[in-house]
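Here's the structure we're looking at; comments come further down.
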Amino acid sequence: MREIFLVDVDLRRVPSLATDVLVIGSGIAALEAALAAAETASVLIITKAAPEESNTFYAQGGVAASLSPDDDPAKHIQDTLTAGVGLCDEAAVRKMVIEGRERIRELMAWGVPFDRDDRGDIALTIEGGHSSRRVLHADGDATGKVIERTALSRVAAHPNITLMPGVFAVDLLHHERVCYGAVAMETGEGSRRLLRIEARATVMATGGACCIYRETTNPEVATGDGMAMAYRAGATLADMEFVQMHPTTLYLAGARRFLISEAVRGEGAVLVNRRGERFMEKAHPLKDLAPRDVVCRAIMEEMARSGEPNVFLDLSPIPPERIRERFPNIMALCAQYGLDITRDRIPVRPAAHYFMGGVRTGLDAATDVGRLLACGEVACVGVHGANRLASNSLLEGLVFGREAGVNAARIAREPQPGFPERAVRRRFEHKRIPLDVEDVRRSLRSLVSRACGIYRDGESLANAIRMLDFWQQYVYAEEFASPSGFELQNMLQVAQLVARCALAREESRGAHQRREFPATDNARWKRHSLVSRFDFEK
Ligand code: FAD
Ligand code: SIN
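Position one of the sequence shown corresponds to residue 68 (the numbering used here), numbered consecutively onward.
Right under this line is the structure:
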């Protein structure tokens, strides 16, 4: 197997660090993994931006767990399987739901102040596709921020964990499908120093890749680096065509696609067109709380019918004081643009939100690259299938983050051969060409949005693949000296995989809708899409 790295350096000349367990990322999956591994191992966390900067931090709606006496884990499992349209792995779902309850109790023990109702019980809301109220939330609509800060403070206090912010993982150090750590680059002001991090086990927890789309709820860090790094190291990726759009993101000229939580509909808000007419009643028995893929398609159809670029969320069924208490951040954000959500309807439309696919792992978070584990949104353990159930991903990060940490620490205790001291080989002759990284990034995001959005068709996908191939030829040949260039290379890689898997899947299922194949084809396609470098290098 040829080795592919994005930097062309002699590793022996690069300053080195050593650790038992290297964790890449600092969202919920990473922090949970680090805390679990640190029970018996030394842990180094690297993260490319500030420690908080992650999808986790921006999570609004909450975290799903069947804790109420009116609920039952079997119902949570069934709702997850139903939303996933036949592609969830039941054992993984079962593990997430059952062990998730323990992880939530652990969060409470760590001091996460989940919101409580008037009687002092944990307040539970409902979101699309759930048959019971089972979504816990904190500080109204700031659940992610509260959980992230609590976990970060535990990490900071742990004697076995070192956290290095502003360190960008460029590539895994790998040889013959075994991982030995990573090459990283410092991203601080004026510093672009490379580091060689030798690790006995490595946990990839770099989150998703929705920044390959022009319109997304995700922060800028979600560029798919972990998926691309694992792919270059020879790992199998699964279900890359399944990208979840969130139905309701703020649609105002000049405003970013800020998420308007599904919990807003959980508390009673409804989707309407400009004339104030509801349209979800005709679309699904669960109406405004149908699974996300269904709501997105209904919105797209309503927009096509009306010729409008958006629909509206009408919060008038919710009393104003309840809106203030439950959604203080959404309210404040909308107010910046002159919208008073206790009175005004919110203009919304779908935007890219979550990657169901990712690095294929087993229930133990192991990938098919030795000593490399993956967890959270970067991974595909099979809990989401073709469409994720709302508020299941923080839960997934907690459960499989812990699994990854425990197993990484176990692997780190095994006897191991030394680090293979070898110079990095190149795949292409690297060269310097004048390249406007921002321009390619913008073009890529527009292309992906057109070809790999809610509706796809073979011709657009084939054209997108050709274009991506073309860009890839010269963007991959360039050796960049800054993270934005590496991110572009990773985004190109991930976009290729999304488009190729979407072209291959000749059916419609969950978040993947092909115009020429509108039916779900269980006979041919009730299976995962698996892809690795070797498929394209035969
Ligand atoms: P992240 O939290 O995204 O963390 C990834 C980390 O990796 C970041 O720290 C990033 O900086 C770092 N990183 C990335 N690349 C590199 C690199 N090359 N080198 C070093 N570090 C790197 N889910 C729910 O369950 N409930 C919700 O209410 C909810 N609301 C959401 C609201 C929004 C606006 C968004 C965007 C998502 C929401 N989700 C929600 C989804 C959920 O937040 C994410 O799926 C989940 O937090 C992912 O956690 P993670 O730890 O896998 O990744
Ligand atoms: C939301 O609050 O609508 C997002 C929940 C999620 O993505 O799970």
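Where a beta carbon is used, it is the ideal one built from N, C-alpha and C, also for glycine. Since the structure is predicted, the reported quantities are computational estimates derived from the model, not experimental observations.
Residue interval of the alpha helix (DSSP H) (run including Glu606): What the structure shows of the chain is the stretch from 68 to 605, and residue 606 is not part of that stretch, so it cannot be assessed.
Rounded straight-line distance, which links the Cα of Ala322 to that of Asp306: 31 Å
Helix, strand or coil at Lys498 according to DSSP, with G and I counted as helix: strand
Residue closest to Glu99, alpha-carbon to alpha-carbon, out of Leu462, Arg499, Ser575 and Arg509: Leu462
At least three beta-carbon pairs within less than 8 Å, the region 214 to 226 to the region 96 to 112: yes
Any non-hydrogen atom of the ligand FAD within 8 Å of Gln127 CB: yes
Cβ-heavy atom distance, Tyr421 to the ligand GDP, below 8 Å: No copy of the ligand GDP occurs in the structure displayed; its ligands are the ligand FAD and the ligand SIN alone.
beta-carbon Ser133 near the ligand SIN non-hydrogen atom, thresh 8 Å: no
Cβ separation of Leu356 and Gly335, assumed to be a contact under 8 Å, to the nearest whole Å: Going by Cβ atoms, the distance from Leu356 to Gly335 rounds to 10 Å, so no, they are not a contact pair.
Length of the line joining the Cα atoms of Glu368 and Asp87: 52 Å
Selected residue, minimal CA-CA separation from Tyr277, among Thr107, Leu319, Arg508 and Ser549: Checking the sequence shown, residue 277 turns out to be Cys, not Tyr. Minimum Cα distance to Cys277 is reached at Arg508.
CB contact flag (Val74, Leu261, <9 Å): yes
Unbroken stretches of the alpha helix (DSSP H), 4 residues or longer, contained in the region 341 to 390: 347 to 350 and 359 to 373
Buried or exposed by the 16-neighbour rule on C-beta atoms within 10 Å, applied to Tyr541: exposed
C-beta contact flag for Val515 and Val445 at 9 Å: no
Proximal residues to Arg128 (C-beta, below 8 Å), its chain only, five neighbours per side dropped: Reading off the sequence shown, one finds Gly at residue 128, where the question assumed Arg. Excluding positions up to five away in sequence, the list reads Thr192, Glu194, Val202, His204, Asp208, Thr210, Ser328, Glu329, Ala330, Gly333, Ala457 and Ser458.
Start-end ranges of the beta strand (DSSP E) lying completely within the region 264 to 338, minimum 3 residues: 310 to 317
Sequence-distant residues of the same chain with beta carbon closer than 6 Å to Pro395, five excluded per side: Gly207
Cut-off 6 Å between Cβ atoms - residues of its own chain near Val270, not counting five sequence neighbours on either side: Val90, Ala100, Leu440, Ala471 and Ala475
Inside the region 420 to 507 only - alpha helix (DSSP H) runs reaching at least 4 residues: 460 to 480
Distance, Thr428 Cα to Ser527 Cα: 31 Å
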